[in-house]
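Engineer: This is the structure I have questions about; it appears just below.
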Amino acid sequence: MNENIIPHNFSVSSKMREKLRGHPGLVLWFTGLSGSGKSTIAHALDLALYKQNIHTYILDGDNIRSRLNSDLGFSEADRNENIRRIAEVAALFADAGFICITAFISPFRRGRERARHLLPEGRFIEIYVNCPLATAEARDPKGLYKKARRGEIHEFTGIDSPFEEPVNPEITIDSSKLSVDEAVKHILSCLKKGQYGLS
73 MNENIIPHNF SVSSKMREKL RGHPGLVLWF TGLSGSGKST IAHALDLALY KQNIHTYILD
133 GDNIRSRLNS DLGFSEADRN ENIRRIAEVA ALFADAGFIC ITAFISPFRR GRERARHLLP
193 EGRFIEIYVN CPLATAEARD PKGLYKKARR GEIHEFTGID SPFEEPVNPE ITIDSSKLSV
253 DEAVKHILSC LKKGQYGLS
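Our numbering applies: residue 73 is where the sequence shown begins, and numbers increase by one.
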């Protein structure tokens with residue numbers, strides 16, 4: 073860190089913000105292949121939590137790429153920087169007492185672990201939306217797999233760039249077997265078991 077940069081100590085703590093909101097700040101980090109259903113499930117969960125008067129904010133791949141991270145490409149270095157910035161923003165939302173939901177492929181374990189270590193233990197919940205490549209490719213809602221197969225998109229996750237599966241995610245969803253509603257119910261059940269501070 074630059075020696076001229078001195079972080080400020082806030083008068084209002086994270087605990088104070090959480091008391092005001094009535095629930096802890098968390099990051100719910102969705103990861104999985106393109107077409108696995110991450111965004112669909114994340115947005116449905118966002119609405120379900122909102123209906124329970126829980127303060128949420130969602131960070132989604134294409135929205136972030138079109139604004140905050142519009143200067144980044146899709147090389148491994150740029151993907152790592154994309155996730156680094158997202159992780160920092162998500163940690164700020166959690167510190168403010170929000171449930172921050174992120175939906176990104178985030179293909180590399182190192183980036184996801186870096187995001188985890190920005191938060192106190194128990195405040196980062198990795199949600200792996202597990203989906204066979206064949207199923208995700210058959211869905212192909214944006215036509216990206218077809219473009220990747222034709223060589224129009226390079227370094228596409230699952231085709232010519234790897235996806236490193238989570239080793240011990242807090243929650244796993246098999247989106248080839250569960251409906252969106254079933255996935256949301258499962259996540260809510262996990263969040264309300266007590267270990268994450270939601271009652």
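Backbone N, C-alpha and C define an ideal beta-carbon position, used for all residues, glycine too.
Just so we're clear, the structure is a prediction, and the values are computed from it rather than from any experiment.
#1: Which residue or residues does DSSP assign as beta-bridge partners of Leu98?
#2: So, is Val99 buried or exposed, given that buried needs 16 or more other C-beta atoms within 10 angstroms?
#3: Lys249: buried (16+ other C-beta within 10 angstroms of its C-beta) or exposed?
#4: Opposite Asp132 in the DSSP bridges: which residues?
#5: Taking all protein chains shown into account, decide if Arg151 is buried (16 or more other Cβ within 10 angstroms of its Cβ) or exposed.
#6: Give the range of the alpha helix (DSSP H) segment to which Ile113 is assigned.
#7: Which residue wins for smallest C-alpha separation from Thr103, given the options Asp253, Leu263, Glu242 and His258?
#8: Could you say if the segment 110-124 and the segment 244-260 meet the contact criterion of at least three C-beta pairs nearer than 8 angstroms?
#9: Does the count of Cβ pairs from the segment 232-240 and the segment 128-142 closer than 8 angstroms reach three?
#10: Nearest-angstrom Cα distance between Arg184 and Ala206?
#11: Looking only at DSSP bridge pairs, what is Ser233 linked to?
#12: Tell me Val201's beta-bridge partners as DSSP assigns them.
#13: Got a sec? Which residues, its chain only, sit under 6 angstroms from Arg156 by beta carbon, not counting five neighbours each side?
#14: Return the Cβ separation of His127 and Phe170 in integer angstroms, given the expectation that the two are a contact with Cβ distance under 8 angstroms.
#15: Beta-carbon within less than 8 angstroms of Ile130's beta-carbon, same chain only, minus the 5 sequence neighbours each way: which residues are those?
#16: Compute the distance between the beta-carbons of Ala220 and Leu190, then report whether it is under 7 angstroms.
#17: CB Gly109 to CB Ser251, shorter than 7 angstroms?
#18: Count the other CB atoms, across all protein chains shown, that sit within 10 Å of the CB of Ser240; report buried if there are 16 or more and exposed otherwise.
#19: The alpha helix (DSSP H) with Ile183 in it runs from where to where?
Structural biologist: According to the structure shown:
#1: Ile171
#2: buried
#3: exposed
#4: Ala175
#5: buried
#6: Lys110 to Tyr122
#7: Glu242
#8: yes
#9: no
#10: 24 angstroms
#11: Thr229
#12: Ile245
#13: none
#14: 5 angstroms
#15: Ala114, His115, Asp118, Cys172, Ile173, Thr174 and Ala175
#16: no
#17: no
#18: Position check: residue 240 holds Asn in this sequence, whereas Ser was assumed. Label assigned to Asn240: exposed.
#19: Looking at the sequence provided, one finds Gly at residue 183 rather than Ile. Note, Gly183: alpha helix (DSSP H), Arg181 to Arg188.
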